[in-house]
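Engineer: Handing you a structure now.
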Amino acid sequence: MRRIDRSSSTHKRDRRGKRKSRASSQRRGMTARRRRRSGSGSGSGVEVEASQSETELTIPNSPPLLSFGLLTDVQYADVEDGWNYAHTTQRFYRNAFVLMERAIDDWLSKPLSFAVNLGDLIDGKSKRAGTTRAALDRMRGAWKRFEDAVGPVHHLLGNHELYNMTQKEFDVELRWSGARQTYYDFVVDSAPRCRFVVLNPYGMTSLGRQPDDPIFQAARNTLRLVNPNDDLNSPLGLRGEHQRFVEYNGGVDAEQLEWLRATLRRADAGGEHVVIFSHIPVHPASCPPTCLLWNYADVLAAIDAHTCVRAVFSGHVHSDGYALDKGVHYIVCDAMLECAPGETAHATVDVFEDGLVINGQGKIPSRALRFFVRERSVSGDDGRL
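As structure tokens, this is what we get:
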């Protein structure tokens, strides 16, 4: 047995290459990063500053059970560079496609099982420019190389997909062919005890829907109960976690929640490890309140009520975030869109029986996270402790 520590990132497999000297410095900064992120959350007292020895993974010198590629928020559009809403961060729309292709090239050289795009593959600017079809065709052509050579690509639904298309159109254009709906679960033959769950955090939303749609109307009513602004994308005047009630966020619908609970119950019974993917973060200590799932407490209640969940990966925020709560790692990944030429933001994730290793590239930090033995919440599926 061998420990991945903060002073050395050596690995029996050569898959990190040039990252070896850099990963250790990124990991040394992890405690400070957690401290900053916990301050941007709800202030709920969640234990997010676990010591290195508590989160550090000890792994065998054998290969992982499986590995997968990970990126988020590419937001490609064939438009000039711009800025975020607050005009504080530059966005490189065309360069994002170049970086995505380089990430795919990197993954083609590795023994991966699948790739995950955590959402927002193309930007809403494509819709305004009338180039949604061209952007999608270019994206599908780029990802076909990975699908033909390696395996499935799991594209998650983000708000920018819904600026460009309806959810039904997303199902046709980008949803994995092995799924019957926008939320689903899957396993890989090499690791039958690892279950991966893909959530649709826009089961409740007005985005991509017509005003006469009951789901549109219910979502707008939810927002207007809390958000007083004419521009429902603005959190102006909202405080604390109420800032999550903006239109670019969304919620997990009741039917999907029941499916999630049933999926986790079966995983518990089978002694499985579960990793969840959601475009919108589900834990308030992992992200600013302006980027939090509307009904995050319902999702956390389902997670807390079962012992099988090990990690949750999200995007949406465009910056790094991390929280550890009740033995579950909540990881938020940096956006590829906001990488300048010469930068990048993608990762390869190695999954072991006792934990996972995030081999970060560029802005995404490397982390070695062990799986915790978790106790089931006594509150059940309907409420948190």
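For the sequence shown, my numbering begins at 95 and goes up steadily by one.
The beta-carbon is built from N, C-alpha and C at its ideal position, and this holds for glycine as well.
Note that the structure is predicted; figures quoted are calculated from it, not measured.
Quick check on DSSP: helix, strand or coil for E469?
Structural biologist: Residue numbering aside, residue 469 sits at position 375 when the sequence shown is read from its first letter. Coil at E469, not helix or strand.
Engineer: To which residues of the same chain is R359 closer than 8 Å at the C-beta, ignoring the five residues directly before and after it?
Structural biologist: Counting from 1 along the sequence shown, the entry for residue 359 is found at position 265. Excluding positions up to five away in sequence, the list reads H400.
Engineer: Just the Cα atoms here: how many angstroms apart are F446 and L319?
Structural biologist: In the sequence shown, counting from the first residue as 1, residue 446 sits at position 352. In the sequence shown, counting from the first residue as 1, residue 319 sits at position 225. About 45 Å.
Engineer: Q261 and L268 look like a contact to me (Cβ under 8 Å); what is the Cβ gap, rounded to whole Å?
Structural biologist: The residue labelled residue 261 in the question sits at position 167 within the sequence shown. The residue labelled residue 268 in the question sits at position 174 within the sequence shown. No, Q261 and L268 are not in contact; Cβ-Cβ is about 11 Å, not under 8 Å.
Engineer: Alpha carbon to alpha carbon, what distance is there between V247 and W237?
Structural biologist: In the sequence shown, residue 237 corresponds to position 143, counting from 1. In the sequence shown, residue 247 corresponds to position 153, counting from 1. In a straight line, the C-alpha of W237 is about 8 Å away from that of V247.
Engineer: What are the boundary residues of the beta strand (DSSP E) that includes G415?
Structural biologist: What you label residue 415 is simply residue 321 of the sequence shown in a count that begins at 1. Its beta strand (DSSP E) spans residues G415 to D419.
Engineer: CA-CA distance, G135 and H377?
Structural biologist: Looking up residue 135 in the sequence shown gives position 41. Looking up residue 377 in the sequence shown gives position 283. Unreliable placement is indicated for G135, whose pLDDT of 44 sits below 50; no coordinate value is reported for it.
Engineer: By the three-class DSSP mapping on this structure, what secondary structure does P286 have?
Structural biologist: Numbered from 1 along the sequence shown, position 192 holds the residue referred to as residue 286. Residue state, collapsed to three classes: strand.
Engineer: Go ahead and pull the three-state DSSP assignment for Q120.
Structural biologist: Walking along the sequence shown from the start, residue 120 turns up at place 26. In this predicted model, Q120 has a pLDDT of only 37, less than 50, meaning its place in the structure is not dependable; the value taken from the coordinates is given anyway. Correct three-state label for Q120: helix.
Engineer: Could you tell me if A396 is buried or exposed, where buried requires 16 or more neighbouring beta carbons within 10 angstroms of its beta carbon?
Structural biologist: Counting from 1 along the sequence shown, the entry for residue 396 is found at position 302. Classification of A396: buried, given that the 10 Å Cβ count is 16 or more.
Engineer: Pull up the distance between the alpha-carbon of N189 and that of I216, whole angstroms please.
Structural biologist: Counting from 1 along the sequence shown, the entry for residue 189 is found at position 95. Counting from 1 along the sequence shown, the entry for residue 216 is found at position 122. So the two alpha carbons sit approximately 12 Å from each other.
Engineer: With DSSP run on the structure shown, which of helix, strand or coil describes N453?
Structural biologist: For the purposes of this step, residue 453 is taken as residue 359 along the sequence shown, with counting starting at 1. Three-state DSSP puts N453 in a strand.
Engineer: Kindly list the residues whose CB is nearer than 7 Å to the CB of A126, restricted to its own chain and excluding five residues on each side of it in sequence; keep chain order.
Structural biologist: As a working note, residue 126 is residue 32 in the sequence shown. Residue placement at A126 is flagged as unreliable, the pLDDT there being 31, under the threshold of 50; the coordinate-derived value follows with that caveat. Closer than 7 Å at the Cβ level, and outside the excluded window around A126, lies no residue.
Engineer: In the DSSP assignment, the beta strand (DSSP E) including F162 goes from what residue to what residue?
Structural biologist: Numbered from its first residue, the sequence shown carries residue 162 at position 68. Run containing F162: L160 to L165, per the beta strand (DSSP E) assignment.
Engineer: Do you know how far the Cα of G163 is from the Cα of F280?
Structural biologist: Here residue 280 refers to the residue found at position 186 of the sequence shown. Here residue 163 refers to the residue found at position 69 of the sequence shown. Each residue's Cα considered, the two are about 16 Å apart.
Engineer: Tell whether a beta-carbon distance below 8 Å holds between K219 and V173.
Structural biologist: Position 125 of the sequence shown holds residue 219. Position 79 of the sequence shown holds residue 173. The answer is yes: Cβ separation under 8 Å.
Engineer: Just to confirm the assignment: which complete beta strand (DSSP E) runs, minimum length 3, are found wholly within the stretch 266-353?
Structural biologist: Complete beta strand (DSSP E) runs here, min 3: 278-282 and 285-292.
Engineer: Indicate the three-state DSSP secondary structure (helix, strand or coil) for C385 in the structure shown.
Structural biologist: Your numbering for residue 385 matches position 291 in the sequence shown. DSSP places C385 in helix when its eight states are reduced to three.
Engineer: Kindly indicate the opening and closing residues of the alpha helix (DSSP H) around A228.
Structural biologist: On the sequence shown, residue 228 is found 134 positions in, with the first residue counted as 1. Run containing A228: T226 to A243, per the alpha helix (DSSP H) assignment.
Engineer: What does DSSP give as the partner residues of S203 in its beta bridges?
Structural biologist: By one-based count along the sequence shown, residue 203 stands at place 109. Partner(s): none; S203 has no beta bridge.
Engineer: Would you tell me roughly how many angstroms separate the C-alpha atoms of S372 and G334, rounded to the nearest one?
Structural biologist: As a position in the sequence shown, residue 372 is number 278, starting the count at 1. As a position in the sequence shown, residue 334 is number 240, starting the count at 1. Cα-Cα distance, rounded: 22 Å.
Engineer: Mind checking whether F339 and W388 have CB atoms under 8 Å apart?
Structural biologist: Translated into positions along the sequence shown, residue 339 becomes position 245. Translated into positions along the sequence shown, residue 388 becomes position 294. Against a cut-off of 8 Å, the Cβ pair of W388 and F339 comes out as a contact.
Engineer: Quick check on the burial criterion: 16 or more other C-beta atoms within 10 angstroms. Buried or exposed for W201?
Structural biologist: In the sequence shown, counting from the first residue as 1, residue 201 sits at position 107. Burial call: buried.
Engineer: May I ask you to report which of helix, strand or coil DSSP gives A441?
Structural biologist: For this step, residue 441 is matched to residue 347 along the sequence shown. The answer is strand: DSSP assigns A441 an E or B state.
Engineer: From G415 to S380, what does the alpha carbon distance come to, in whole angstroms?
Structural biologist: Against the sequence shown, residue 415 aligns to sequence position 321. Against the sequence shown, residue 380 aligns to sequence position 286. Spanning the two alpha carbons is a distance of roughly 5 Å.
Engineer: In whole angstroms, what separates the C-alpha of R227 from that of L212?
Structural biologist: Locating residue 227 in the sequence shown gives position 133, counting from the first residue. Locating residue 212 in the sequence shown gives position 118, counting from the first residue. R227 and L212: Cα-Cα distance of roughly 20 Å.
Engineer: Opposite A180 in the DSSP bridges: which residues?
Structural biologist: Translated into the one-based positions of the sequence shown, residue 180 becomes position 86. Answer is none; A180 lacks a bridge partner.
Engineer: Which residue's Cα is closest to the Cα of R196: H181, V368 and C433?
Structural biologist: Along the sequence shown, one-based indexing puts residue 196 at 102. Taking only the C-alpha atoms, the option nearest R196 is C433.
Engineer: Below 8 Å between beta carbons: does that hold for V422 and V393?
Structural biologist: Here residue 422 corresponds to residue number 328 of the sequence shown, with the count starting at 1. Here residue 393 corresponds to residue number 299 of the sequence shown, with the count starting at 1. For V422 and V393, no; Cβs fall outside 8 Å.
Engineer: Just how far apart, CA to CA, sit I198 and E241?
Structural biologist: The sequence position of residue 198 within the sequence shown is 104, counting from 1. The sequence position of residue 241 within the sequence shown is 147, counting from 1. Straight-line Cα distance between these residues: approximately 10 Å.
Engineer: Go ahead and pull the three-state DSSP assignment for H400.
Structural biologist: In the sequence shown, residue 400 corresponds to position 306, counting from 1. Three-state result, H400: coil.
Engineer: Starting from S460 and walking both ways along the alpha helix (DSSP H), at which residues does that stretch end?
Structural biologist: Start at 1 with the first residue of the sequence shown, and residue 460 comes out as number 366. Unbroken run through S460: none, as it is neither H nor E.
Engineer: What do you get for H181, buried or exposed, if any count of 16 or more other CB atoms within 10 angstroms of its CB means buried?
Structural biologist: Within the sequence shown, residue 181 is the residue found at index 87, counting from 1. H181 should be labelled exposed.
Engineer: Would you mind stating whether L230 and S161 have Cβ atoms separated by less than 8 Å?
Structural biologist: Residue 230 sits at position 136 when you count from the first residue of the sequence shown. Residue 161 sits at position 67 when you count from the first residue of the sequence shown. Not a contact, by the Cβ cut-off of 8 Å.
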